[in-house]
Structures are given as structure tokens and as C-alpha cells.
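A.B. asks: Structure incoming, see below.
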Amino acid sequence: MSEETTINALYPVITDNNKHFYDSIENGELVANQCDDCHHTFLPPAKNCPNCLSENVDWTALSCEGSVYSYVEYHRPYHEAFKDKVPYVVAIVELKEGPRLISNILDYDLKTLRVGAPLEAVFTKGLSNFPIVQFRQKI
Ligand SMILES: [Zn+2]
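Set out below in C-alpha cells:
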């Protein structure tokens, strides 16, 4: 298996359901699905609302602000593609509107990084130039 094949395996398969989410990231915006019936806002994108199973689901823009729900600092690269990136932080980010994302926190300060710390989205490119959203501590 080539290195590019293993790197591409780290990225999601783009489908009709999630294409708008990834296109938005490429345009520097965050979106989520929102249920027209119960108003639940959720990720990952899906055809049905996970709260009430309604099919009346649409897209809504998010504020790009959130907070740390949980995090871990990695000191060992668990994939060869990340060997030059350690140490780095992987976090569960709770967005202001409710959905949670797993992402990285850039330029973090372990003295102030804690559960509940405010974050803002940063739109970057990952391996193979795939558009990704990461986060930075808000000061
Ligand atoms: Zn619903």
C-alpha cells in the first residue's frame, strides 16, 4: 500500500449527505444539519434527525465558536504521517450550537487548556491538501 493510499484512508468518503459540510469547510464556514421539526442541530450529517427521526432536515450555519469537551496530548505518532507533528492535541470540541467534533487544537498552551476552555475554528489544509477545520484557544 502506497503512502498516499494510507493517507487517503484517513479521510472521509464524500457522499451526497456530507458533501455540503466539507464544501463549507473549504469555504471557511461550518455548517450542521438542523431538524425542521424538533430544531435539534447535529453532526455528522445525516438524512434523518437522530433526536426524532424526522426526514425534515436542512443545513444551518454555525458560529465557528465552541469549547473543549475533552482532550488528549499525543506524544507518540500512531500513524507515520504524523511522525513530525508530535506533540499535538486531539480534542472533542463542543460547538456553541451543540454538535461535537473531533479535531486538533493548534498553538495550545497546556497551562490554560482545560475542559470548557473557549475555542474558535481555524480552516486549514490537512494531509493531501484536504480542507479541514481545527481549533485555536480564544484569548
Ligand atoms: Zn428532530
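Each residue of the sequence shown is one higher than the one before, starting from 4 at the first, in the working numbering.
Note that beta-carbon positions come from the ideal geometry of N, C-alpha and C, so glycine has one too.
Counting along the chain, where does the alpha helix (DSSP H) carrying Cys26 start and finish?
C.D. replies: Note on identity: in this sequence residue 26 is Asp, with Cys being the wrong assignment. Note, Asp26: alpha helix (DSSP H), 22–29.
A.B. asks: To the nearest angstrom, how far is it from the Cα of Gly31 to the Cα of Glu123?
C.D. replies: 12 Å
A.B. asks: Which residues have their C-beta within less than 6 Å of a heavy atom of ligand 1, listed in chain order?
C.D. replies: Having a Cβ closer than 6 Å to some heavy atom of ligand 1 are Cys38, Asp40, Cys41, His43, Cys52, Asn54, Cys55, Ser57.
A.B. asks: Classify Pro47 as buried or exposed, calling it buried when 16 or more other Cβ atoms lie within 10 Å of its own Cβ.
C.D. replies: With fewer than 16 other beta carbons inside 10 angstroms of its own, Pro47 counts as exposed.
A.B. asks: Given Gln37, which residues of its chain have a CB within under 8 Å of its CB, disregarding the five upstream and five downstream residues?
C.D. replies: His43, Thr44, Phe45, Val60, Asp61, Trp62, Thr63
A.B. asks: What separation, rounded to the nearest whole angstrom, lies between the Cα atoms of Ile108 and Glu29?
C.D. replies: 18 Å
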